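Quick mapping for you: the protein sequence lines, in order, are chains A and B.
For the first sequence, my numbering gives the first residue as 659, with consecutive numbering after it.
For the second sequence, my numbering gives the first residue as 936, with consecutive numbering after it.
Every residue gets a Cβ at the ideal spot worked out from N, C-alpha and C, and that includes glycine.
A quick note: this is a predicted structure, and the numbers were derived from the prediction, not measured.
Some notes on the structure that comes next.
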Amino acid sequence: MLYRECGNFKDNYAKDMAIFPIPLDRWGLGIMLVFAFLVIPFTASDYWLSSIMIPFYCFSLAALGLNFLTGYAGQVSLGHAAFMAVGAYSSLILYGRYGIPLVPSILGGGIVSAIVGSIFGIPSLRIKGFYLAVSTLAAQFIIEWVLTHWKWVSGGVFGTIDVPNLYIFGALLDTPLKKYYLVLCIVALMITFGKNLVRGQLGRNWMAIRDMDVAAEIIGVSLFRYKLIAFAVSSFYAGVAGALITITYYGAANIEEFNLFLSFHLLGMIIIGGMGTILGSFLGAGFMVLLPIFINQSMLTFMERVPSNLRANSEAIVFGGLIVFFLIVEPYGMARLWHTIKEKMRLWPFPY
Amino acid sequence: MGRKWIFTLFALVLACSLILASGQVQAADEKAQFFGLLIYRTGPFAAGGSGMGSGWEDFMELRNMQGGVNGIKYAWEECETAYNTARGVECYERLKDKAVLFHPWSTGITYALIPRGTKEEKVIFSSGYGRADASDGSVFPWVFTTPTNYWSQNSAKIKFIGEKMGGMDKLKGLKIANLHIDVPYGQETKPMLDALAEKFGFTIQHFPVPWPGIDQKAQWMDIVRRFKADWVINRNWGVSCTVPLKEAARLGFPRERVLGVWWCGSEEDVLPAGPAAKGYYSANFHGSGKDFPLVKEIIDKVYGTMKGHMAFTRVGSVYWSRGIYIGVVTEEAILTAHKKFGVKVLTGEEIRWGMENLNITAERIKELGLEGFMSPIKTSCENHEGGNIVLFQQWDGEKWVPAGTQTPMNDFVWPLIKESAAKYAKEQGITPKDCK
């Protein structure tokens, strides 16, 4: 039986500490991984791989980064697009100008972004809530300004670094399939790492800070340390996501991609997907990135005869309506819907 | 119970639309030349995107009514980008199997499409925007900035200012403010203007406006009170184009001394400023209005049969006319390619050849019914610009009035283009094509 537990029966520590306590999750995840690694690459067209799946994974990773900070540690950030930009630019500089291999450059971009992120995280020690949001908003503007004006970084008048030919272990990374595997491997590793991070002491400290920082400090959680770690980890994820999407999707690092709208978008992803859940980052990214494309495509089918103006705008109307709908139906995000279903199933047919 | 029903209904609708969307078979007409239109009818720059996209569509609609280009009809599909690069790239990927020529209509999307187009043999036609150094066809064989790029445009602007002041020697000691939106698009002309300032002895100061540029009070105080500018170059985009006109009126700065980029020169940019816009100059690369025979034909045949793609009130506006212009240039490229490769549906390489060997003469323009609308274009393997003339126009409070033309300072701009393109080629490991 997949979820016929009908109660909590854990008779050893290993079971209690399992990442996925119920078989449904274990099997489901396994099937999804097989699907992602073996089925999608060989059935999906290049269009699906390169412009649906790759951006979806990258934005999920960025949303996950923000989720660590906002969902787990309770610190709002409106500067995550800028941290993505830092990752994108620095990884391209490392790869293109210093000839560092691809994967270390991507991670290096993440590390640079983590350093920048923790610097902007310092104010979080003294300011909270809305005030912190405003100070991270400053991060967005400052980083944007620096990246456009520091000519050494952006390399000339166009403020853009183009992605050179990509080689990984001597092999040219040119087809969407190869890029898809690069993104998938990095994302899968980082998700595993992230999932374990939030299960461990670090994650529990973050949650303690989120739920009540004074109480957390009293029981011995160092606010300074853990808030900064939250900023660092979160911007590391954002930086890697920025580097990946630039390298595999945009093809050029351009600051205009990483504007304030994207920061709000990322925040929207985790709010709709579910704050403080790993799954929520994926659901939210899917909602914000893929749904508009599907709406757009289905509009083409349904509304062949409708004036194109109305057709284009109806995409925004439908999308906006769906956001409101989901937030009314489940204010805690789509991940909570799944969670509720699962909890019900575990006790079925004998609910309390 | 109600909620359950809503859920079921919603899930069903979503599922149906997904199935329909994925299983959607495009009725691709084998005999049609297909174009993918990356336009934006939504978002902050919808005024520009909808105008240009609809203009092009109206033009193609007219040609289809007349039987197509040499009998080959146009087919097209719109893809909404909302001026967002991620969506733009998705649109390109969605349409690239069918289309061979793309107008990205956005700086960011152009940057993203240049390497893709080059690799996948798709023509990227960034008409008057995008990278200025892409005019060098030996390094960017697949990119066209026809008719003129930003750098050439700015050298023409300086000439225009010189003429208004009564001669190029009068530029000496003049103070010109470059008011630009602080994104790469806005900054692109800074080194160019600095070099020109050195050459002609005027003072240039750059005033960055933070994105999206709705508030420009501080910059204008600086420009008018502290810097005491004689001329202001308005290099903005979308809503930030209109703000300078209002600010200039507030501070009593003459609008006759404000000169806009050609993305700040449409009815949509000046009408919101009301009377404050009167006297404002802007650059352009084509005419506007409803008086040209071809435009009259479109109004008569396309809008007359209710097949227009835009509200009729906006027909004849600058952005709509830009769509017509794009349509005409693209069609001339098709005709040129038809002459060499025979009448058929063209491939990327064939249409690229057509773009590279464009020769739109004054007679041809007259024949098209566009006399006074556009200037001759002649491209070559090396020169992907080909226009060589920048038009100027002035807003008289009701419509745009032509205010003369200028040729760019080619001998000054082209070495810079060559230098920048060579740098790009080196970084990207491209061997420039031999165009001799």
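Taking the alpha carbon of residue i as the point to measure from, which residue in the options has its own alpha carbon closest?
i	options	result
K1371 (chain B)	B:G1002, B:C1316, B:K1181	B:C1316
T1081 (chain B)	B:D1331, B:R1257, B:E1232, B:T1340	B:R1257
G1243 (chain B)	B:E1333, B:R998, B:Y975	B:R998
F816 (chain A)	B:L1186, B:E992, B:S1355	B:S1355
K786 (chain A)	A:G934, A:G732, A:R684	A:G732
E992 (chain B)	A:N971, A:I999, A:P965	A:P965
G983 (chain B)	A:N967, A:A846, A:L860, A:I698	A:N967
M742 (chain A)	A:M933, A:L727, A:A720, A:F983	A:A720
L790 (chain A)	A:V811, A:F952, A:S763, A:L727	A:L727
W1335 (chain B)	B:I1234, B:Q1001, B:G1214	B:G1214
G1200 (chain B)	B:A1184, B:N1169, B:E1025	B:N1169
Y1009 (chain B)	B:R1022, B:M1245, B:V1263, B:G1097	B:V1263
G1222 (chain B)	B:S1252, B:E1291, B:F1247	B:S1252
R1161 (chain B)	B:F1142, B:V1178, B:I1149, B:E1025	B:F1142
M995 (chain B)	B:T977, B:A967, B:A1021	B:A967
F1188 (chain B)	B:G1209, B:E1203, B:W1166, B:D1204	B:W1166
W1172 (chain B)	B:I1149, B:D1157, B:G1006	B:I1149
Over what stretch of residues does the beta strand (DSSP E) that includes residue i continue unbroken?
i	result
C1014 (chain B)	1008–1015
S1087 (chain B)	Not the beta strand (DSSP E): S1087 (chain B) falls in the alpha helix (DSSP H), residues 1085–1100.
F994 (chain B)	It is not in any beta strand (DSSP E) - F994 (chain B) instead sits in the alpha helix (DSSP H) that spans 981–1000.
Would you kindly work out how many angstroms separate the C-alpha atoms of residue i and residue j, rounded to a whole number?
i	j	result
V960 (chain B)	L925 (chain A)	Residue confidence is low: V960 (chain B) scores 42 on pLDDT, short of 50, so the model does not pin down where it sits. No coordinate-derived value is stated.
A746 (chain A)	R755 (chain A)	14 Å
F695 (chain A)	G686 (chain A)	14 Å
K1301 (chain B)	L1036 (chain B)	26 Å
S749 (chain A)	G878 (chain A)	37 Å
Y730 (chain A)	P1050 (chain B)	39 Å
L682 (chain A)	M1241 (chain B)	57 Å
V891 (chain B)	L1303 (chain B)	Outside the shown range of chain B (936 to 1371) lies residue 891 (chain B), about which nothing can therefore be said.
S703 (chain A)	A896 (chain A)	28 Å
I936 (chain A)	K673 (chain A)	21 Å
Q1151 (chain B)	P1207 (chain B)	16 Å
N725 (chain A)	S892 (chain A)	8 Å
D1129 (chain B)	I1139 (chain B)	7 Å
E925 (chain B)	K1275 (chain B)	Nothing about residue 925 (chain B) can be reported from this structure: the residues present for chain B run from 936 to 1371 only.
D964 (chain B)	K885 (chain A)	Low local confidence applies: a pLDDT of 49 at D964 (chain B) is under 50, so the model's placement there is unreliable, with the coordinate-based value given in what follows. Approximately 60 Å between the Cα atoms of the pair.
A974 (chain A)	I710 (chain A)	19 Å
L765 (chain A)	F894 (chain A)	8 Å
G768 (chain A)	W864 (chain A)	21 Å
F969 (chain B)	A1360 (chain B)	31 Å
I777 (chain A)	L972 (chain B)	43 Å
V1250 (chain B)	G1224 (chain B)	8 Å
Y975 (chain B)	P759 (chain A)	38 Å
L1186 (chain B)	Y1216 (chain B)	18 Å
A1357 (chain B)	T1366 (chain B)	9 Å
Y838 (chain A)	G852 (chain A)	20 Å
E914 (chain A)	K1002 (chain A)	45 Å
T1296 (chain B)	E1266 (chain B)	14 Å
K1368 (chain B)	P1076 (chain B)	8 Å
G988 (chain B)	V821 (chain A)	29 Å
A1017 (chain B)	G1339 (chain B)	34 Å
A962 (chain B)	W808 (chain A)	Model confidence at A962 (chain B) stands at a pLDDT of 46, short of 50, so the residue's coordinates are unreliable; what they give is reported in the following sentence. Each residue's Cα considered, the two are about 50 Å apart.
Which residues does DSSP list as the beta-bridge partners of residue i?
i	result
R1170 (chain B)	B:H1115
Q1329 (chain B)	B:Y1216, B:V1336
I777 (chain A)	Answer by DSSP bridge pairing: none, since I777 (chain A) is not bridged.
P1039 (chain B)	Per DSSP, none; premise fails for P1039 (chain B).
Q1341 (chain B)	B:V1325
P1143 (chain B)	B:H1115
For the alpha helix (DSSP H) that residue i lies in, which residues bound it at each end?
i	result
Q1154 (chain B)	1152–1156
Q859 (chain A)	859–869
I974 (chain B)	Note, I974 (chain B): premise wrong, no alpha helix (DSSP H); beta strand (DSSP E) at 967–974.
P681 (chain A)	681–692
H629 (chain A)	Any property of residue 629 (chain A) remains undetermined from this structure, which presents chain A solely from 659 to 1010.
L1303 (chain B)	1297–1303
F1135 (chain B)	1125–1135
I677 (chain A)	Element bounds for I677 (chain A): n/a, residue is neither H nor E.
Give a single yes or no on whether residue i has its beta carbon closer than 7 Å to a heavy atom of the ligand COA.
i	result
L750 (chain A)	Annotation note on the ligand COA: not contained in the displayed structure, which lists no ligands.
Original post:
Where in the stretch 889–970 of chain A do unbroken runs of the beta strand (DSSP E), each at least 3 residues long, occur, reported from the N-terminal end onward?
Top reply: 910–912
Original post:
What residue ranges within the stretch 788–834 of chain A form continuous beta strand (DSSP E) runs of no fewer than 3 residues, ordered along the chain?
Top reply: 818–820
Original post:
Enumerated in chain order, which unbroken segments of the alpha helix (DSSP H) with a length of 4 residues or greater are wholly contained in the stretch 1233–1319 of chain B?
Top reply: Within the stretch 1233–1319 of chain B, complete alpha helix (DSSP H) segments of at least 4 residues are found at 1253–1276, 1283–1291, 1297–1303, given in chain order.
Original post:
Taking the runs of the alpha helix (DSSP H) that are 4 residues or longer, which of them lie wholly in the stretch 695–730 of chain A?
Top reply: Runs of the alpha helix (DSSP H) inside the stretch 695–730 of chain A: 698–701, 712–724.
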